[in-house]
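Q: In the working numbering, the protein residues as written are 7 to 482.
Note that beta-carbon positions come from the ideal geometry of N, C-alpha and C, so glycine has one too.
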Ligand SMILES: [Zn+2]
């Protein structure tokens, strides 16, 4: 059986990649600053004998490595970016940030990247051993969190010759991802007015802060009249200063506009921009609009989802032990009942008892109440057939982007889930490489979906990734 052979190749390398995941956990770097983390992944690719391309798509923290000859090209996508404000000591069940940057792996991308690279390495070794024609390409993708790096990588043509892409995300419940995510644009609105003394010459001032506030009020009124699946959020980037006796001449607000698909997002963006222009008109200020990044919604692929699900069933659920369950219970004690039940509801699972960890596989096609975020995997999924696993690595109920995820990032369940995810991804890739009909079906499904709405990169052509400088103490 091909799948068992490939799983042996995963097992043979497991410790190296658990260590890699733990090292990445210990160097949390946020969007486009992942110089140390990408160097770790690059070193691993080189040590395993991949043909490596650094500075992929002109992004210094993006890298890819290829192995194999001829045949289809299967991409395995990894990530390694962390989040600000989620620094946390590992292995405990109370919030305790570590000294340092304040960053933490609160979305589990330390595991995400390591399992993806482990799957790619196992595939490379399996291709060599069996002499199967086919190529595996590992993509080390930075800045998933708000940076849309994969959308820039797709725009640069990095996936043009890829036949299919596979990835995963750490989760609390194990299942094939249902391919629901929101298209998302981040835009900055900078208002410029005229500063003046707020008491002595208020009539001479034109407040940029007023404009931001009026814009936000306008958008909040718009909420009643937009699709209920859409989401709009904002954050003040610059409130114009700290002096209340100055009319603020400059102010800046950042918006995230999300919708179920690209046309829906485009329509909402236009409405938000109109409101900004209205606020500028009301306050006699001017507004400058700048798109920072954008990602597409995820496109599903029914044949590949089935292939992945069959691999999950063959493998059987992730197996946890008593120590794992005890720690997960301690984490659950920090959560509300609502956290835990909503996790189940999301997957349409009605448990007879609540469990600390997911020792089952959520059936394919199980309909739940999805709570939808956004991911730059979306743009890859429009470019090539793509499938994603969600694999249990933390306690059921653990909220996304939380100190609890950082805390659990090096524990037993994280390690067990990581290796299991690598097996599922590698097994899925083997099926696509050895069964031409499976890959053909995946491509046909993809072509039909894209034919309905052709893909258009949501990032304007003049917008470049916000590359950050290399740390001075790190050699190029
Ligand atoms: Zn994530």
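With hydrogens ignored, establish whether the beta-carbon of residue 150 is closer than 8 Å to any heavy atom of ligand 1.
A: Working through the chain shown from its first residue, we reach residue 150 at position 144. For ligand 1, at least one heavy atom lies less than 8 Å from the Cβ of residue 150.
Q: Taking contact to mean 3 or more Cβ pairs, one atom from each stretch, closer than 8 Å, check whether the stretch 243 to 254 and the stretch 207 to 220 are in contact.
A: Because the criterion of three Cβ pairs below 8 Å is met, the stretch 243 to 254 and the stretch 207 to 220 touch.
Q: Going along the chain, which residues of its own chain have a beta-carbon closer than 7 Å to the beta-carbon of residue 368, five neighbours each way excluded?
A: For this step, residue 368 is matched to residue 362 along the chain shown. Result list for residue 368: 179, 180, 181, 353 and 355, in chain order.
Q: Mind checking whether the beta-carbon of residue 92 lies closer than 8 Å to any heavy atom of ligand 1?
A: Locating residue 92 in the chain shown gives position 86, where the first residue counts as 1. Answer for residue 92: no, Cβ out of range of ligand 1.
Q: How long is the line joining the alpha carbons of residue 399 and residue 334, rounded to whole angstroms?
A: Here the question's residue 399 lines up with position 393 in the chain shown. Here the question's residue 334 lines up with position 328 in the chain shown. About 10 Å.
Q: For residue 319, collect the residues of the same chain with a Cβ closer than 8 Å to its Cβ; drop the 5 residues on either side in sequence, then sort them by chain order.
A: For the purposes of this step, residue 319 is taken as residue 313 along the chain shown, with counting starting at 1. The answer, listed in chain order, is 367.
Q: By Cβ distance below 6 Å, which residues in the same chain neighbour residue 162 in space, the five residues on each side in sequence not counted?
A: Taking the chain shown and counting its residues from 1, one reaches residue 162 at position 156. Same-chain partners within the cutoff: 63.
Q: Start and end of the beta strand (DSSP E) containing residue 80?
A: Numbered from 1 along the chain shown, position 74 holds the residue referred to as residue 80. Taken as a continuous stretch (DSSP letters only), the beta strand (DSSP E) holding residue 80 covers 79 to 85.
Q: Kindly indicate which residue of 371, 392, 323 and 390 has the alpha-carbon position closest to the one of residue 363.
A: One-based indexing of the chain shown puts residue 363 at position 357. Out of 371, 392, 323 and 390, 323 has the C-alpha closest to the C-alpha of residue 363.
Q: If you compare alpha carbons, which of 464, 50, 433 and 107 is closest to residue 271?
A: Here residue 271 corresponds to residue number 265 of the chain shown, with the count starting at 1. If we check each option's Cα against that of residue 271, 464 comes out closest.
Q: Among residues of its own chain, excluding the 5 on either side of residue 425, which ones have a beta-carbon nearer than 6 Å to its beta-carbon?
A: Translated into the one-based positions of the chain shown, residue 425 becomes position 419. Cβ neighbours of residue 425 beyond the five flanking positions: 20.
Q: Is there at least one non-hydrogen atom of ligand 1 closer than 8 Å to the beta-carbon of residue 115?
A: Position 109 of the chain shown, counted from the first residue, corresponds to residue 115. Yes, Cβ of residue 115 sits closer than 8 Å to a heavy atom of ligand 1.
Q: Does the beta-carbon of residue 468, which I'm using as the reference point, lie nearer than 8 Å to any heavy atom of ligand 3?
A: Looking at this structure, you won't find ligand 3 anywhere; what it does contain is ligand 1.
Q: Name the one or two DSSP bridge partners that residue 263 has.
A: Position 257 of the chain shown holds residue 263. Partner(s): 191 and 238.
Q: Is residue 85 near ligand 1, with its Cβ less than 8 Å from a heavy atom?
A: Taking the chain shown and counting its residues from 1, one reaches residue 85 at position 79. Yes - ligand 1 has a heavy atom lying nearer than 8 Å to the Cβ of residue 85.
Q: Which of the three DSSP states, helix, strand or coil, is assigned to residue 73?
A: As a working note, residue 73 is residue 67 in the chain shown. Note: residue 73 maps to strand in three-state DSSP.
Q: Compare the Cα-Cα distances from residue 286 to each of 273, 365, 198 and 259 and report the closest residue.
A: Position 280 of the chain shown, counting from 1, holds the residue named residue 286. Measuring from the Cα of residue 286, the nearest candidate turns out to be 198.
Q: Here's a check: name, in chain order, each residue in its chain whose Cβ is nearer than 6 Å to the Cβ of residue 196, leaving out the five neighbours to either side.
A: Numbered from 1 along the chain shown, position 190 holds the residue referred to as residue 196. The residues are 258 and 294.
Q: Who are the near neighbours of residue 309 in its chain, counting only those whose CB is closer than 6 Å to its CB and skipping five residues on each side?
A: By one-based count along the chain shown, residue 309 stands at place 303. Cβ neighbours of residue 309 beyond the five flanking positions: 447, 448 and 451.
Q: Can you give, in chain order, each stretch of the alpha helix (DSSP H) that sits fully within the stretch 254 to 312 and has at least 4 residues?
A: If we require 4 residues or more, the alpha helix (DSSP H) runs fully inside the stretch 254 to 312 come out as 268 to 289.
Q: Assign residue 210 to one of two classes, buried (16 or more other C-beta atoms within 10 Å of its C-beta) or exposed (fewer than that).
A: Residue 210 sits at position 204 when you count from the first residue of the chain shown. Residue 210 comes out exposed.
Q: Quick one: grab the DSSP three-state call for residue 407.
A: Translated into positions along the chain shown, residue 407 becomes position 401. Residue state, collapsed to three classes: coil.
Q: For the stretch 125 to 142 and the stretch 58 to 77, state whether three or more C-beta atom pairs, one from each stretch, are separated by less than 8 Å.
A: With the cut-off at 8 Å, the stretch 125 to 142 and the stretch 58 to 77 touch.
Q: Counting Cβ pairs closer than 8 Å, one from the stretch 156 to 170 and one from the stretch 219 to 239, do we hit at least three?
A: Touching, no, given that fewer than three Cβ pairs across the two stretches are closer than 8 Å.
Q: Could you give the residue range of the alpha helix (DSSP H) that holds residue 450?
A: Mapped onto the chain shown, residue 450 falls at position 444. That run of the alpha helix (DSSP H) goes 442 to 458.
Q: Is the beta carbon of residue 118 within less than 8 Å of some heavy atom of ligand 1?
A: Taking the first residue of the chain shown as position 1, residue 118 is located at position 112. At least one heavy atom of ligand 1 is nearer than 8 Å to the Cβ of residue 118, so yes.
Q: Is residue 379 near residue 406, with beta carbons less than 9 Å apart?
A: Position 373 of the chain shown holds residue 379. Position 400 of the chain shown holds residue 406. Closer than 9 Å, so yes.
Q: Under 8 Å: does the beta carbon of residue 347 sit that close to some heavy atom of ligand 1?
A: Locating residue 347 in the chain shown gives position 341, counting from the first residue. No - ligand 1 has no heavy atom lying nearer than 8 Å to the Cβ of residue 347.
Q: Can you have a look at residue 127 and say buried or exposed, based on whether 16 or more other CB atoms are within 10 angstroms of its CB?
A: Against the chain shown, residue 127 aligns to sequence position 121. It is buried - the Cβ of residue 127 has at least 16 other Cβ atoms within 10 Å.
Q: So what does residue 394 bridge to, in DSSP terms?
A: The count along the chain shown starts at 1 and reaches residue 394 at position 388. Per DSSP, 173.
Q: According to the neighbour-count rule (16 or more other Cβ atoms, all chains shown, within 10 Å of its Cβ), is residue 238 buried or exposed?
A: Locating residue 238 in the chain shown gives position 232, where the first residue counts as 1. With 16 or more other Cβ atoms within 10 Å, it is buried.
Q: For residue 422, which residues in the same chain have their Cβ closer than 6 Å to its Cβ, ignoring the five residues on either side in sequence?
A: As a position in the chain shown, residue 422 is number 416, starting the count at 1. Once the five neighbours on either side are set aside, the close Cβ partners of residue 422 are 324.
Q: Give every residue of the same chain whose Cβ lies closer than 7 Å to the Cβ of residue 279, excluding the five residues on either side of it in the sequence, and list them in chain order.
A: To locate residue 279, count along the chain shown from 1; it is residue 273. Excluding residues within five positions, the ones whose Cβ falls inside 7 Å are 295.
Q: What alpha helix (DSSP H) runs, 4 residues minimum, are completely inside the stretch 200 to 246?
A: List check, alpha helix (DSSP H) in window: 214 to 228.
Q: How is the alpha helix (DSSP H) around residue 160 delimited, first residue to last?
A: Locating residue 160 in the chain shown gives position 154, counting from the first residue. Per DSSP, residue 160 belongs to the alpha helix (DSSP H) from 155 to 161.
Q: Hey, is residue 381 close to ligand 1, as in C-beta under 8 Å from one of its heavy atoms?
A: Against the chain shown, residue 381 aligns to sequence position 375. Yes - ligand 1 has a heavy atom lying nearer than 8 Å to the Cβ of residue 381.
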